[in-house]
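Protein chains in written order, with our numbering: chain A, 176 to 604; chain B, 6 to 92. Have a look at the structure below before the remarks.
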């Protein structure tokens, strides 16, 4: 499957048919029911809810049109055959999610003689786009770009594994609710929820809003939050790629299966390689592919057997910092050797938490320490945390609600902050 | 295989560009697709269509390009069409 890169942020989507086919043999009632069933196919696998509304009173998220030729969206239809339909990906624009069918096709339902185009099959495909899926090359996918004929009874049709994987990458999977099924009288018995195999995307995943990440890294502008064998990706726009985490080993190709936790990660500025740390070892990736074997942390100047809590590259000097407990090491990427005179006390970073879960630098150059459910911000180039630190991670980074006051845990101990001092600053510190 | 007709090649390149398999034409410079790029694009198209990946504009590939389909590009990004959301 492929993803368009956009996703609905809400879980209840409204829809309405704004114009019906002028030449179809199908009644308006049948068309509405088929649309309802086509949406229910996606709802059944994602927990999304689709609600038909009267567009006179409310602007629906998904507006369905039957139109011919040029119909004011820059993608004119072309008469019978050729282009059958199209839909717009999720977004904030009024046309986002809208789904258009070429009214010059012969739309059919339940045709056994192979005549016409099966409206239900095309509608399921187009609603996949309206939810954020692109085209797929998987053999059984409804998202293949070419029309492949009727798909059978709308009441018993269910998505292929490829389609489910794509959908659940976007919206996760939650238990089916009564609203996920069509509210109209069914044409056939409603579909049974499929039995999911172990290790499928329905496997329980951690709650990103609980924090306590193992590692956080800025990789080419996206912030990756690692937790156990999962990770979330936050796009530069601030939007999560998916609320559901991706599996570590499905993404980082070649990462040994025994590695269940990434303790720290960073993108090497010199060559863009991505370095993942776990235990006393690290792995180097080019894009998503592993390069070579595991390497020991002693290469960064740490004692044999030592592990790291956090690693980050500081843009101010281009050096890489490796933190463990209350001390840190520094590595010179250009010289490809550890700087002498380390470890030193973490107290250089005033107000930072000891043994941070990880540290990363944002796209604006600010440095962020993460620990537990909080983060500490150091403005670009500064080693003194901002006065409003720490703050809860969830609301700022991961689209989580602001925690109630009775849920707030006290932030961990930090390095002391100086109020004022007669300081002597050494150039190399 | 028999060489495809010039019209078929022309139609095929236009089709591959429309659905994202080939980059859109540069409005400033005339450009020619390399044969390798064209063959790679045809192979990817054939994968989406469930055809043998020959990389050739063979009759079955040409016929598939005339089949009914969804009008969104198969390869997102290259065509740059679907991100426009103007009414």
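Positions of the beta carbon are idealized from the N, C-alpha and C atoms, including for glycine.
Residue 560 (chain A) versus residue 525 (chain A): straight-line alpha-carbon distance, rounded: 6 Å
Three-state secondary structure assigned by DSSP to residue 530 (chain A): coil
Residues in the stretch 34–66 of chain B having any Cβ partner in chain A nearer than 7 Å: 52, 53, 54 and 55
First through last residue of the beta strand (DSSP E) which encompasses residue 310 (chain A): Unbroken run through residue 310 (chain A): none, as it is neither H nor E.
Closer than 8 Å to chain A by CB, residue 69 (chain B): yes
Distance, residue 177 (chain A) Cα to residue 474 (chain A) Cα: 39 Å
7 Å CB neighbourhood of residue 406 (chain A) in its chain, flanking five on each side removed: 399, 400, 420, 421 and 423
Contact with chain B by residue 321 (chain A), beta-carbon distance below 8 Å: yes
Exposure label - residue 280 (chain A); buried when at least 16 CB within 10 Å: buried
Per-residue DSSP class, three states only, for residue 54 (chain B): helix
Per-residue DSSP class, three states only, for residue 425 (chain A): helix
Listed by chain order, chain B residues near residue 292 (chain A) by CB distance under 7 Å: 73
Between the CA atoms of residue 562 (chain A) and residue 555 (chain A) - distance to the nearest angstrom: 14 Å
Proximal chain B residues relative to residue 301 (chain A), where beta-carbon distance stays under 8 Å: 75
Own chain residues within Cβ distance below 6 Å of residue 326 (chain A), not counting five before or after: 296 and 332
Environment of residue 249 (chain A) [buried if 16+ CB atoms lie within 10 Å]: exposed
Contact set for residue 81 (chain B): own chain, Cβ-Cβ below 6 Å, skip 5 residues either direction: none
Cβ-based neighbour list, residue 455 (chain A), same chain, cut-off 7 Å, excluding 5 preceding and 5 following: 471, 472, 480, 481 and 482
Assigned exposure category for residue 301 (chain A) - 16 Cβ within 10 Å defines buried: buried
Whole-angstrom distance between residue 252 (chain A) and residue 586 (chain A), CA atom to CA atom: 59 Å
Given 8 Å, three or more beta-carbon pairs between the stretch 378–388 of chain A and the stretch 456–466 of chain A: no
Where residue 79 (chain B) meets chain A, residues with beta-carbon distance less than 7 Å: 310 and 320
Cβ pair count under 8 Å reaching 3, the stretch 202–216 of chain A against the stretch 260–269 of chain A: no
For residue 497 (chain A), the residue or residues it bridges with in DSSP: A:486 and A:504
First through last residue of the beta strand (DSSP E) which encompasses residue 260 (chain A): 258–262
C-beta contact flag for residue 240 (chain A) and residue 275 (chain A) at 8 Å: yes
Selection of the stretch 243–260 of chain A by Cβ proximity to chain B, strictly under 7 Å: 247, 248, 249, 250, 256, 257, 258, 259 and 260
CB contact flag (residue 412 (chain A), residue 345 (chain A), <8 Å): no
Cut-off 7 Å between Cβ atoms - residues of its own chain near residue 193 (chain A), not counting five sequence neighbours on either side: 230, 238, 239 and 240
Distance between residue 505 (chain A) and residue 450 (chain A) (C-alpha atoms, nearest Å): 15 Å
Neighbour flag for residue 179 (chain A) against chain B, beta carbons, 8 Å: yes
Close Cβ partners of residue 553 (chain A) (< 6 Å) along its chain, the five nearest in sequence each way excluded: 542 and 560
Beta-carbon proximity check, residue 513 (chain A) vs residue 53 (chain B), cutoff 8 Å: no
Endpoints, beta strand (DSSP E) assigned at residue 277 (chain A): 274–277
Beta-carbon gap between residue 460 (chain A) and residue 536 (chain A) smaller than 8 Å: no
Run of the alpha helix (DSSP H) containing residue 471 (chain A), from where it starts to where it stops: Segment 464–471 is the beta strand (DSSP E) holding residue 471 (chain A); no alpha helix (DSSP H) there.
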